[in-house]
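Asks:
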Amino acid sequence: MRSFLAAVFALACIFAVTQPALATWGVGANMGFTIHNPEGPGDDVTMFGVPTQSNLISSIRPGLRVSYTGGSKMNHEGFLDLSYDRQSSGGESFSTFRLAGNYQYNFQMSSSPRPYVTFGVGMFHEGASEEFGDVSATAMTFGGGFGVGFPVSDKAGRIRVEARMDKLDDADDDGIPVIGEATVIGIGAGFDLWFK
Amino acid sequence: MSSIPAAPRRRLPKFAFLSAITIALASSLFAAPASATWGVGANLGVSVLNPVDPGESTTLFGAPSSTISTLRPGFRLSYAVENTDGEAYFDLGYDARWQGSESARVLRLGGNFQYNFGRAGVRPFVTVGAGILNISGSDFRPGTSGVLGGGVGVGFPVASGAGRLRMDVRADKILESKYQDNVIIGEATLYQLGLGFDLWIR
């Protein structure tokens, strides 16, 4: 619940700093490397995804992005990083969901590429249902990063290159550990389509 | 003895891979490349994996689609020529994971041709393609299967034509991949219902 409220709060902040009258929405996708560095015992896990997806067998990094920006300069931007993955067969299922609200500041440059910094907070949910019972837990994530955006198609689109680091809290289900505390480092690329 | 069944195992994925390349290249030659446009896109949606051998169907959902979990390629690289109805694209999904001395990799790559009906606004389309599904890793034998399929959908232009939203349904046949007598990738039909979006890079 705490992580969900944090994500909602982050989103509310984003809407507050933009200008709804000049709002532009966008969708995008992410791809690249992710390094999952657990706090407890265990090896680091290096993952690569095209696109990325936040299940534990691929890359943990959200692969979809829903962006929102207000104002003609597009300096302030909010975005939801989102991934949902579910597999079900014969009454058993396994699902992961990652959702984070983020704020991004795009620096105004004389040249076309625009560097940016971003930070956000969100949640990572994991659940499994099988004949022996159900187990699920939700952990909080928070982090930030930086990158460069390259406008394309008369500013109707953007290509991104970025690096990011997130902290993933641990979470359990009635004492059963489900999600381990870890640091998640992402280096990748992405693209956005603005609905103008 | 083992060299005899090896021939069809290797020929089929090679055929599918060459088919994918041929379809993509042939599609790109439909008109003058001077007005060509490249695009990138993403896919999401539901897939149902229906194995030919005994076993239950598996329903998979991915937003975005992830090859290692939903088998559907999540990334699309398109090529189109302005003022023509044909379009070529690669469907691509790649997931890799390394932990200590263990690793696992899944690649799906398909070359497709898409024909868009109509001239403006909402454009229905049909698409056909061929490709490969390749798995490899430290704990299992690598395998490559051919994948053949097609589908129908509707595209909605957005952002003054710089982008497109898509809805589509598609069915693909995943062919069997064996090593000696062991099935690495089982024959199956993969049904997909999904959404997607494209950004045309102009």
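Order-wise, the sequence lines are chains A and B.
FYI, in the working numbering the residues of the first sequence are 24 to 219.
FYI, in the working numbering the residues of the second sequence are -9 to 192.
Each residue gets a CB set at the ideal place from its N, CA and C atoms; glycine is no exception.
#1: To the nearest angstrom, how far is the alpha carbon of I174/B from that of L97/B?
#2: When DSSP labels each residue in this structure, what does A110/B get in the three-state scheme?
#3: Give me the Cβ distance between D189/A and V207/A, rounded to the nearest whole Å; I'm assuming they're in contact under 8 Å.
#4: Are the region 73 to 85 of chain B and the region 39 to 48 of chain B touching by the rule of at least three beta carbon pairs closer than 8 Å?
#5: To the nearest whole angstrom, what separates the beta carbons of G90/B and G184/B, a pair I think is in contact under 8 Å?
#6: Using the C-alpha atoms, what's the distance from Q104/B back to G93/A?
#7: Pick from D75/B, D85/B and G101/B: whose alpha carbon is nearest that of S110/B?
#8: Who are the neighbours of F65/B on chain A, taking C-beta pairs under 9 Å?
#9: Evaluate V159/B with the Cβ neighbour count: other Cβ atoms within 10 Å of its Cβ, from every protein chain shown; 16 or more gives buried, anything less gives exposed.
#10: Do S150/B and A179/A have their C-beta atoms within less than 8 Å of each other?
#11: Would you list the one or two residues that DSSP bridges to M188/A?
#12: Do you know offhand how far P63/B's Cα is from K96/A's?
#13: Would you say the beta carbon of V144/A comes nearer than 7 Å to a heavy atom of the ligand ATP?
#14: Please report whether the beta-carbon of S176/A lies at a distance below 8 Å from any beta-carbon of chain B.
#15: Which residues of the region 139 to 153 of chain B have a Cβ closer than 9 Å to any Cβ of chain A? Give them in chain order.
#16: In whole angstroms, what is the alpha-carbon distance linking P114/B and A194/A?
#17: Decide if V73/B is buried, meaning its Cβ has at least 16 other Cβ atoms within 10 Å, or exposed.
#18: Classify Q170/B as buried or exposed, calling it buried when 16 or more other Cβ atoms lie within 10 Å of its own Cβ.
#19: Measuring alpha carbon to alpha carbon, tell me which of I58/B, G121/B and V71/B ends up nearest R95/B.
#20: Give a yes or no on whether the C-beta atoms belonging to F218/A and R183/A are separated by under 8 Å.
#21: Would M54/A be called buried (16 or more neighbouring beta carbons within 10 Å of its own) or exposed?
#22: So L87/A and S106/A are in contact, right, with Cβ under 8 Å, and what is the actual spacing, rounded?
#23: How far does the alpha helix (DSSP H) with I58/B in it reach, from first residue to last?
#24: Tell me which residues of the region 85 to 116 of chain A have at least one Cβ-Cβ distance to chain B shorter than 8 Å, keeping chain order.
#25: My parser needs the beta strand (DSSP E) runs of 3 or more residues fully inside the region 90 to 137 of chain A; what are they?
Replies: This is what the structure gives:
#1: 14 Å
#2: coil
#3: 5 Å
#4: no
#5: In fact, because the Cβ distance is near 35 Å, the residues do not count as touching under 8 Å.
#6: 36 Å
#7: For the record, residue 110/B in the displayed sequence is Ala; it is not Ser. Taking only the C-alpha atoms, the option nearest A110/B is D75/B.
#8: A52, M54, V73 and P74
#9: exposed
#10: yes
#11: G167/A and I208/A
#12: 35 Å
#13: In the structure shown, the ligand ATP is absent, as is every other ligand, since no ligand is present at all.
#14: yes
#15: V148, A149, S150, G151, A152 and G153
#16: 46 Å
#17: One detail in the question is off: residue 73/B reads as Asn in this sequence, not Val. Result: exposed.
#18: exposed
#19: I58/B
#20: no
#21: buried
#22: 6 Å
#23: T57 to T60
#24: G86, L87, L105, S106, Y107, D108, R109, Q110, S111, S112 and G113
#25: 99 to 112 and 115 to 129
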